[in-house]
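*Asks:*
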Amino acid sequence: MTDPSLLQDIRTSYDTVAASYAELVRGGDAWELPVLGIFANLVPPGARVLDVGCGPGRVTAILRSLGLDASGVDLSPGMIEIARRDHPHVPFEVGTMTALDCPDGDLGGLVAWWSIVHLPREVLPQVLAEFHRVLAPGGRLLIGFHVGDTQRHKDSGYGGHAMSVDVYRWLPDRLTALATAAGFTVEAQLVTDPAGEVPGGRLLFHKSGGGDGTTCATLGA
322 MTDPSLLQDI RTSYDTVAAS YAELVRGGDA WELPVLGIFA NLVPPGARVL
372 DVGCGPGRVT AILRSLGLDA SGVDLSPGMI EIARRDHPHV PFEVGTMTAL
422 DCPDGDLGGL VAWWSIVHLP REVLPQVLAE FHRVLAPGGR LLIGFHVGDT
472 QRHKDSGYGG HAMSVDVYRW LPDRLTALAT AAGFTVEAQL VTDPAGEVPG
522 GRLLFHKSGG GDGTTCATLG A
């Protein structure tokens, strides 16, 4: 069971910073489109895709532009308001990744693009199990995250607005082990700016069943 105060702190923090956050992330990075393109090519044709922790909806809109039937969900009503304003052709809903409003096996793909970074280490296994529940056999899971083995408290950000969230970094091998325990198989990984202050990680998994991948590769190689 997830502590309700954890979700409330995240919701309140991102409602507060929603407008400034949306402006700061508007451009993305050089690796974003290639990685999302690989993911899009692997999702079963015609399958539904959910962008979990979609924020202002920029990545969800990219997934739609790549031909996917993508929608977004976010804990913050403020973020969803901006997503609906900026991308009126894309479906968005308020919700939590700890209890997704999806039937079992409903999705062909799920993206968590830097949206697990505020989840405590003891909560992430529950969330990965929820991701596994809603994905169909052969479905793909793409996770973006901060690489490392630390956590810190963030009391302001995105223009100096007040926040109250913890930020967790993950070692790729540790995150892969948790996803494997939840029933996923890793297909590819990418770490960018490995010597930088905050390296970026991307991991691609599939759920066992039709269309399984067979090897682990390095994204972007």
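The sequence shown begins at 322 in this note's numbering and counts up by one. We put the beta carbon where it would ideally sit given N, CA and C, even for glycine.
How would you write the range of the alpha helix (DSSP H) that residue 391 sits in, first residue to last?
*Replies:* Here residue 391 belongs to no alpha helix (DSSP H); instead the beta strand (DSSP E) covers 390 to 395.
*Asks:* Please report how far the alpha carbon of residue 356 lies from the alpha carbon of residue 468, in whole angstroms.
*Replies:* About 17 Å.
*Asks:* If we ignore side chains and look at the alpha-carbon of each, how far apart do residue 524 and residue 493 end up?
*Replies:* One C-alpha to the other measures close to 8 Å.
*Asks:* Please classify residue 425 as buried or exposed, where buried requires at least 16 neighbouring CB atoms within 10 angstroms.
*Replies:* That one is exposed.
*Asks:* Going by beta-carbon coordinates alone, are residue 498 and residue 450 separated by less than 8 Å?
*Replies:* Cβ atoms of residue 498 and residue 450: not closer than 8 Å.
*Asks:* So does the region 388 to 395 actually touch the region 404 to 424, counting three or more Cβ pairs closer than 8 Å?
*Replies:* Yes, they touch.
*Asks:* Going by other Cβ atoms of all chains shown within 10 Å of its Cβ, with 16 needed for buried, is residue 372 buried or exposed?
*Replies:* Counting Cβ neighbours within 10 Å, residue 372 comes out buried, since at least 16 surround it.
*Asks:* If you draw a straight line from the alpha carbon of residue 487 to that of residue 417, how long is it in whole angstroms?
*Replies:* One C-alpha to the other measures close to 17 Å.
*Asks:* Can you give the beta carbon distance from residue 379 to residue 346, rounded, assuming they're within the 8 Å contact cut?
*Replies:* Yes, they are in contact, since the Cβ atoms of residue 379 and residue 346 sit about 6 Å apart, within 8 Å.
*Asks:* Would you mind stating whether residue 368 and residue 428 have Cβ atoms separated by less than 8 Å?
*Replies:* Cβ atoms of residue 368 and residue 428: closer than 8 Å.
*Asks:* Compare the C-alpha of residue 343 against each of 479, 438 and 331 and name the closest.
*Replies:* For the residues 479, 438 and 331, the minimum Cα distance to residue 343 belongs to 479.
*Asks:* Nearest CA to the CA of residue 326: which residue from 354, 340, 441 and 339?
*Replies:* Answer by Cα proximity: 441.
*Asks:* For residue 431 and residue 455, which I take to be in contact (beta-carbon distance under 8 Å), what is that distance rounded to the nearest angstrom?
*Replies:* The pair is a contact, with the Cβ atoms about 7 Å apart (cut-off 8 Å).
*Asks:* How about residue 335 and residue 397: are their beta carbons less than 8 Å apart?
*Replies:* Contact: yes.
*Asks:* Going by other Cβ atoms of all chains shown within 10 Å of its Cβ, with 16 needed for buried, is residue 377 buried or exposed?
*Replies:* Burial call: buried.
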